[in-house]
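Protein chains in written order, with this note's numbering: chain A, 1115 to 1334; chain B, 1115 to 1334.
For glycine and all other residues, C-beta sits at the position ideal for the given N, C-alpha and C.
Protein chains: 2
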Amino acid sequence: MKKYLEILKKCPLFFGIEEEQLLRMLHCLGARVSPFDKKYTVFAEGNPAKYIGIVLSGSVQIIQVDYYGNRSILSEMHESQVFAEAFACGEVESLPVTVVANEPSEVMFIECGHILHTCENNCGFHQQLIFNLMKDLAAKTISFHQRIEIVSKRSTREKLMTYLMFEAKKVGKSSFEIPFDRQELADYLEVDRSGLSAEISKLRSEGILESRKNHFELKR
Amino acid sequence: MKKYLEILKKCPLFFGIEEEQLLRMLHCLGARVSPFDKKYTVFAEGNPAKYIGIVLSGSVQIIQVDYYGNRSILSEMHESQVFAEAFACGEVESLPVTVVANEPSEVMFIECGHILHTCENNCGFHQQLIFNLMKDLAAKTISFHQRIEIVSKRSTREKLMTYLMFEAKKVGKSSFEIPFDRQELADYLEVDRSGLSAEISKLRSEGILESRKNHFELKR
DNA sequence: ATGAATCTGTTGAAAATTCAACAGAAAAGG
DNA sequence: CCTTTTCTGTTGAATTTTCAACAGATTCAT
Chain A
1115 MKKYLEILKK CPLFFGIEEE QLLRMLHCLG ARVSPFDKKY TVFAEGNPAK
1165 YIGIVLSGSV QIIQVDYYGN RSILSEMHES QVFAEAFACG EVESLPVTVV
1215 ANEPSEVMFI ECGHILHTCE NNCGFHQQLI FNLMKDLAAK TISFHQRIEI
1265 VSKRSTREKL MTYLMFEAKK VGKSSFEIPF DRQELADYLE VDRSGLSAEI
1315 SKLRSEGILE SRKNHFELKR
Chain B
1115 MKKYLEILKK CPLFFGIEEE QLLRMLHCLG ARVSPFDKKY TVFAEGNPAK
1165 YIGIVLSGSV QIIQVDYYGN RSILSEMHES QVFAEAFACG EVESLPVTVV
1215 ANEPSEVMFI ECGHILHTCE NNCGFHQQLI FNLMKDLAAK TISFHQRIEI
1265 VSKRSTREKL MTYLMFEAKK VGKSSFEIPF DRQELADYLE VDRSGLSAEI
1315 SKLRSEGILE SRKNHFELKR
C-alpha cells in the first residue's frame, strides 16, 4: 500500500489523516487494489453496490447504456478521485451504471459498510473519515447539479457553451484542454457528434472560440 | 416547535432520534421556522448557502432560471423533506438555485455549521445527525442521477416514458398521480409543452397509456 | 515507415422539436 | 352563479437535430 500513499494523501476521503494512521486505517478497512486494462469493466451495471472505488492511477468513466444502446458518459474520474460512493452509501441493491477503465488504471476498493460502522479497534478516525465522506458526497451532488444544468439546455450550442464556460471557470483561464474527444464530448452533452462538430466550426467562424483537437479558447 | 414533532419524526434527518431529545436538539441547533405564501421565495439564487431547509407543511420547488429566462424545475420537496443540504454541506459561496413555495408552506431552517460541528453541550446526537445527513446526501445524489437519466434521453417520448416508468416503479403500481401540471412536467423533462401534450395524445392513441389531468396509467 | 484503424468535419435529406396562435375545458375568485 | 384566469390539446410553419455517408487527418501497431 505504501507506494500509493502520495496519491491517497490527495484523496479528499482521507483529508486530515496522517500517513501512518492512513496505512493502519487502510488495513482496518480491508482496502484492496486491482489493475485494469483500458476498456475493462471496474463495476458492471446490476452489481450490488457495496464498494467505494478510488482511482490510484489512470482514469475511469462512469457510463450508462440505455435499451437503445445509446451510451451516456456521466463522469470521468482521475487519480485520487472517489467514485460509486453514493450508491455504496445509499445501499442500493444494484448499480445503475457501469464503470470502465479509460486507460490502464489501478483502483482501490473499500467496502462502504466498513467506513460507516466503526470497527472493533475503534480507530478514532472513522469520525474524520465519515465527515470527509459527507463532504465528498456534497461535492458530488453539486457536480451532478452542474451536469443537469448542462444537459438541461435545449440546443447543442447552449450545451456546449455552458460546458465550456464551466471548464474555463474551473481552471480560471479562457484557454484550456477538455478531457474528451469529439464523440465523448457529444455523449457527455447528449447531442449528435456531427452536429457538435458543425456547431464548433460555426462558433469558430463567428469568432466566439478557437479550438484545435481538445484544446479550446473562449474569446471575449 | 412541539406542533411540528410529528412531521419532524418523519424527516430522514432525525431518524433514530427520540422526541424529547429532538426538541432539545432543535434548540441546540438554533432551528427556526418561517411561513411562506404561494410563489414566495424561500432561498434566492446567489444567497450564501448556510442553511438547510426542511419542509414542515406545503411544498417548495427547487428551480433554476438561465439567462434566456428558461425556467427549469430541479425538484419538488414535500412535508418532512430536506433541501439545500448539499449546498450547505458543500459550503458553496452562493446558491446556484432558487427555492420558491409551491403553495402556502412552513419551512424550518437549520444552520449547517451547527450540524457539522458538535456543540459545547456535546449533545451526543450529532453523530447520529451527521450519519443521517450523509444517508440523505447519498439518496439525493442517486435521485439527481435519476434526473440525469431522464433529461439525457434524446426525444420527448423517451423522456416522458422514462419519467413515468420511474414514477410507476416508485409507487409500485402502473396507475399513479404525478405532482406536476403540463407546463411543470415539460419544464422537468426539458421539452416543449405543446410537444409534450401532443406526445401524450399520441401515446394514448397507441394504447401505451391512459391519462386524465395528472393521473397516468401505463398499459402493458 | 507503412498500412490499418480511428477520429473529425462536411454535407444534404429525413425526422423531431420548438414556436406562436387559438379555442375549448377546467379552476379560481368574487 | 357568472366572469376571469389558467390550463390543455391542436395545428402548421420555422428551426434544429439526427442520421448516413464520405474523405481527409491523425493515431496506432507492426
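Same chain only: Cβ atoms within 7 Å of residue i, ignoring 5 sequence neighbours per side
i: residue 1154/B; result: 1214, 1215
i: residue 1302/A; result: 1187, 1294
i: residue 1259/A; result: none
i: residue 1156/A; result: 1150, 1167, 1174, 1213, 1214, 1215, 1221
i: residue 1141/A; result: none
i: residue 1249/A; result: 1126
i: residue 1245/B; result: none
i: residue 1307/A; result: 1296, 1297, 1300
i: residue 1309/A; result: 1270
Counterpart residues of residue i in DSSP-defined beta bridges
i: residue 1215/A; result: 1174/A
i: residue 1196/B; result: 1168/B
i: residue 1289/A; result: 1331/A
i: residue 1146/A; result: 1223/A
i: residue 1186/B; result: 1178/B
i: residue 1248/B; result: For residue 1248/B, which the question treats as bridged, DSSP gives no partner whatsoever.
i: residue 1324/A; result: 1331/A
Candidates the options, of which the one nearest residue i by Cα
i: residue 1333/B; options: 1294/B, 1245/B, 1292/B, 1287/B; result: 1287/B
i: residue 1197/B; options: 1228/B, 1318/B, 1173/B; result: 1173/B
i: residue 1116/A; options: 1138/A, 1130/A, 1129/A; result: 1138/A
i: residue 1280/B; options: 1210/A, 1156/A, 1133/A; result: 1210/A
i: residue 1201/A; options: 1193/A, 1158/A, 1242/A; result: 1158/A
i: residue 1163/A; options: 1205/A, 1315/A, 1284/A; result: 1205/A
i: residue 1130/A; options: 1241/A, 1278/A, 1313/A; result: 1241/A
i: residue 1243/B; options: 1268/B, 1285/B, 1199/B, 1316/B; result: 1199/B
i: residue 1322/B; options: 1195/B, 1207/B, 1278/B; result: 1278/B
i: residue 1177/B; options: 1225/A, 1327/A, 1266/A; result: 1266/A
i: residue 1193/B; options: 1247/B, 1226/B, 1121/B; result: 1121/B
i: residue 1161/B; options: 1195/B, 1208/B, 1135/B; result: 1208/B
i: residue 1264/B; options: 1247/B, 1300/B, 1285/B, 1251/B; result: 1300/B
8 Å Cβ shell around residue i - same chain, five flanking residues per side excluded
i: residue 1311/A; result: 1296
i: residue 1179/A; result: 1159, 1185, 1186, 1212
i: residue 1133/A; result: 1119, 1123
Same chain only: Cβ atoms within 6 Å of residue i, ignoring 5 sequence neighbours per side
i: residue 1289/B; result: 1331
Pair within 8 Å by beta-carbon distance, residue i and residue j
i: residue 1228/B; j: residue 1143/B; result: yes
i: residue 1276/A; j: residue 1305/A; result: no
i: residue 1223/A; j: residue 1318/A; result: no
i: residue 1329/B; j: residue 1291/B; result: yes
i: residue 1314/B; j: residue 1262/A; result: no
i: residue 1251/B; j: residue 1251/A; result: yes
**Request:** Count the C-beta pairs between the region 1248-1259 of chain A and the region 1250-1263 of chain B that are closer than 8 Å, then say yes if the count reaches three, no if not.
**Result:** yes
Do the region 1117-1125 of chain A and the region 1155-1171 of chain A make contact, defined as three or more Cβ pairs closer than 8 Å?
-> yes
- Message: Check whether the region 1216-1225 of chain A and the region 1131-1151 of chain A touch, using three or more Cβ-Cβ pairs below 8 Å as the test.
- Response: yes
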